[in-house]
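K.L.:
Note that the working numbering gives residue 265 to position 245 of the sequence shown, counting from 1, and the numbers run on in steps of one. Got a structure here, written out as structure tokens. Questions coming.
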Amino acid sequence: IALLGGAYVRVGDWENAAAAFSDAVVLDPDNANLLRETARALLVSGRLDEAAQRYAELNQLEPTDPVAHLRIGPIERLRLSFDVARNHLEAARELLPDSPEILFDLTCLERDEGNFEESLSQLEQLLADTEQPNGRYTEGERGNRRTFMTNVALLQTRLEAYDDAVETFEQMKNLTSNRDGSIDSYIVETYQTAGRVDRALEVCNEALDAFPGNGQLRLQRADLIAEQGRVDAALELLEAMAAAEENNFGVYSTMFAIYERTRNYAEAEDVL
21 IALLGGAYVR VGDWENAAAA FSDAVVLDPD NANLLRETAR ALLVSGRLDE AAQRYAELNQ
81 LEPTDPVAHL RIGPIERLRL SFDVARNHLE AARELLPDSP EILFDLTCLE RDEGNFEESL
141 SQLEQLLADT EQPNGRYTEG ERGNRRTFMT NVALLQTRLE AYDDAVETFE QMKNLTSNRD
201 GSIDSYIVET YQTAGRVDRA LEVCNEALDA FPGNGQLRLQ RADLIAEQGR VDAALELLEA
261 MAAAEENNFG VYSTMFAIYE RTRNYAEAED VL
């Protein structure tokens, strides 16, 4: 049964993997590896309560295993049990004091508790501590830094440090070999949040010249055009997108937002 669970994992079928590993655990409840695999499959499947229970069982079986603490912490954070989350993450940090993943989870906990400045400070320190002087990173390290920097920029935006946020997103481009316009989309959103609609549209148009197939940028362009007061032009763009992509929820969501913002409630209801 455990081999079957592993086979499901290899093909990305996490639901069936979780079911197979769960059956295997019934036959061998003191097998730490089986508990670990079961919990992971449940977590990836989004079954947080069941995953937390399995990790708790693993924690009892192997108290010095940091994995259980590391996984329970974010689950409890998502369930808004912040004190419990912190206890587990601090326990994980005692076992793995230099783990960037644990330190990052702690910054997320500060953020979700509303301590934005503290979270930002810790993230900036994490970036500094993991920086390589020669600028050479493995792909995994690059991915980590992009994640850290994204969260830095979003916190800077939350704290209304918009220029700092734009600069952080610009720095992220140096860590991205295959750019697709997603970072530019963040920059557009930052300018729009700051109320700099004209600048946001300028950046959006420049990004679309480079990445014409980026759907999010196209939606942002329509939304910004509407925000400039050119509602009919924006809706024409969106209607053309809807005709070409019938099942694109983002198109209808943007249309609804524009109608609602301009108090065209009957049209908004039709879109819904």
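For each residue, glycine too, the CB sits at the ideal point set by N, CA and C.
1) Could you name the residues of the same chain whose beta carbon sits closer than 6 Å to that of Val186, not counting the 5 residues immediately before and after it, in chain order?
2) Could you work out which residue in Arg199, Asp184, Leu143 and Asp229 is closest to Ala214 when comparing CA atoms only?
3) Could you check whether Glu226 and Asp204 sit closer than 9 Å to each other, using their CB atoms as the reference points?
4) List the endpoints of the continuous alpha helix (DSSP H) containing Pro86.
5) Decide if Gly93 is buried, meaning its Cβ has at least 16 other Cβ atoms within 10 Å, or exposed.
6) Helix or strand or just coil, what does DSSP make of Leu237?
7) With burial defined as no fewer than 16 other Cβ atoms inside 10 Å of the residue's Cβ, what is the status of Leu292: buried or exposed?
8) Here's a check: name, in chain order, each residue in its chain whose Cβ is nearer than 6 Å to the Cβ of Glu70, leaving out the five neighbours to either side.
9) Considering only the beta carbon of each residue, do Ala111 and Leu129 sit closer than 9 Å?
10) Is the beta carbon of Phe124 closer than 9 Å to that of Leu143?
11) Pull up the distance between the alpha-carbon of Ala37 and that of Glu57, whole angstroms please.
12) Within this structure, are the beta carbons of Arg162 and Asp132 separated by less than 9 Å?
13) Buried or exposed for Ala28, going by 16 or more other Cβ atoms inside 10 Å?
14) When you compare each of Gly233, Leu258 and Pro232 to Leu244 by their alpha carbons, which one comes out closest?
15) Quick check on DSSP: helix, strand or coil for Thr274?
16) Rank Gly233, Glu287 and Tyr279 by C-alpha distance to the C-alpha of Glu265 and give the top, closest one.
17) How about Leu109 and Thr84: are their beta carbons less than 9 Å apart?
18) I need the DSSP call for Gln248, collapsed to helix, strand or coil.
19) Any idea what DSSP makes of Leu228, helix, strand or coil?
20) Should Gly25 go down as buried or exposed, given a rule of 16 or more other Cβ atoms within 10 Å for buried?
21) Quick check: does the Cβ of Met275 come within less than 8 Å of any heavy atom belonging to the ligand SAM?
22) Return the CA-CA distance between Phe276 and Asp218, expressed in angstroms with no decimal places.
23) Please confirm whether Glu159 and Gln212 have their CB atoms less than 9 Å apart.
24) Hey, how far is the Cα of Pro117 from the Cα of Leu90?
25) According to DSSP, simplified to helix, strand and coil, what is Pro153?
26) Looking at Ala260: is its Cβ nearer than 9 Å to the Cβ of Tyr272?
27) Go through the stretch 154-203 residue by residue and report every complete run of the alpha helix (DSSP H) that reaches 4 residues or more, in order.
28) Would DSSP call Gly32 helix, strand or coil?
29) Please work out which residues of its chain come closer than 8 Å, Cβ to Cβ, to Gln191, disregarding the five sequence neighbours upstream and downstream, and give them in chain order.
P.N.:
The answer reads as follows:
1) Position 166 of the sequence shown, counted from the start, is the residue given in the question as residue 186. Correct list, in chain order: Ile207 and Thr210.
2) In the sequence shown, the residue the question calls residue 214 occupies position 194. Comparing Cα-Cα distances from Ala214 to each of Arg199, Asp184, Leu143 and Asp229, the minimum goes to Asp184.
3) Against the sequence shown, residue 204 aligns to sequence position 184. Against the sequence shown, residue 226 aligns to sequence position 206. Yes; because the gap between Cβ atoms is below 9 Å, this pair is in contact.
4) The residue you call residue 86 lines up with position 66 of the sequence shown. Start and end: Pro86 to Leu98.
5) Position 73 of the sequence shown holds residue 93. Buried: at least 16 other Cβ atoms inside 10 Å.
6) Position 217 of the sequence shown, counting from 1, holds the residue named residue 237. Leu237 falls in the helix class under three-state DSSP.
7) Taking the sequence shown and counting its residues from 1, the one referred to as residue 292 is at position 272. It counts as exposed.
8) For the purposes of this step, residue 70 is taken as residue 50 along the sequence shown, with counting starting at 1. So the list reads Leu62, once near-sequence residues are dropped.
9) What you label residue 111 is simply residue 91 of the sequence shown in a count that begins at 1. What you label residue 129 is simply residue 109 of the sequence shown in a count that begins at 1. No, they are not a contact pair.
10) Numbered from its first residue, the sequence shown carries residue 143 at position 123. Numbered from its first residue, the sequence shown carries residue 124 at position 104. Cβ atoms of Leu143 and Phe124: closer than 9 Å.
11) Your numbering for residue 37 matches position 17 in the sequence shown. Your numbering for residue 57 matches position 37 in the sequence shown. Looking at the two C-alpha atoms, the distance is approximately 9 Å.
12) Sequence index remark: in the sequence shown, residue 162 carries index 142 (1-based). Sequence index remark: in the sequence shown, residue 132 carries index 112 (1-based). In this structure, Asp132 does not lie closer than 9 Å to Arg162 by Cβ.
13) Residue mapping note: residue 28 aligns to position 8 of the sequence shown, counting from 1. In the sequence as presented, Ala is not what sits at residue 28; that position holds Tyr. Under this definition Tyr28 is a buried residue.
14) As a position in the sequence shown, residue 244 is number 224, starting the count at 1. Answer by Cα proximity: Leu258.
15) By one-based count along the sequence shown, residue 274 stands at place 254. Three-state result, Thr274: helix.
16) As a first step, residue 265 must be located in the sequence shown, where it is residue number 245. Checked all of Gly233, Glu287 and Tyr279; the closest Cα to Glu265 is Gly233.
17) Here residue 109 is taken as the residue at index 89 of the sequence shown, counted from 1. Here residue 84 is taken as the residue at index 64 of the sequence shown, counted from 1. Contact flag unset, no.
18) Here residue 248 refers to the residue found at position 228 when the sequence shown is read from its first residue. Coil.
19) In the sequence shown, the residue the question calls residue 228 occupies position 208. Correct three-state label for Leu228: helix.
20) Position 5 of the sequence shown holds residue 25. Label assigned to Gly25: buried.
21) In the structure on display, the ligand SAM does not appear, and there are no ligands present to speak of.
22) Position 256 of the sequence shown, counted from the start, is the residue given in the question as residue 276. Position 198 of the sequence shown, counted from the start, is the residue given in the question as residue 218. Computed Cα separation, rounded: 22 Å.
23) Position 139 of the sequence shown holds residue 159. Position 192 of the sequence shown holds residue 212. No.
24) The residue labelled residue 117 in the question sits at position 97 within the sequence shown. The residue labelled residue 90 in the question sits at position 70 within the sequence shown. Going by the C-alpha atoms only, they are around 12 Å apart.
25) As a first step, residue 153 must be located in the sequence shown, where it is residue number 133. It is coil, neither helix nor strand.
26) Here residue 260 is taken as the residue at index 240 of the sequence shown, counted from 1. Here residue 272 is taken as the residue at index 252 of the sequence shown, counted from 1. Cβ distance not < 9 Å, so Ala260 and Tyr272 don't count as in contact.
27) 159-178 and 182-192
28) In the sequence shown, residue 32 corresponds to position 12, counting from 1. Here Gly32 sits in coil by DSSP.
29) Reading the sequence shown from its first residue, position 171 is the one you call residue 191. Met169.
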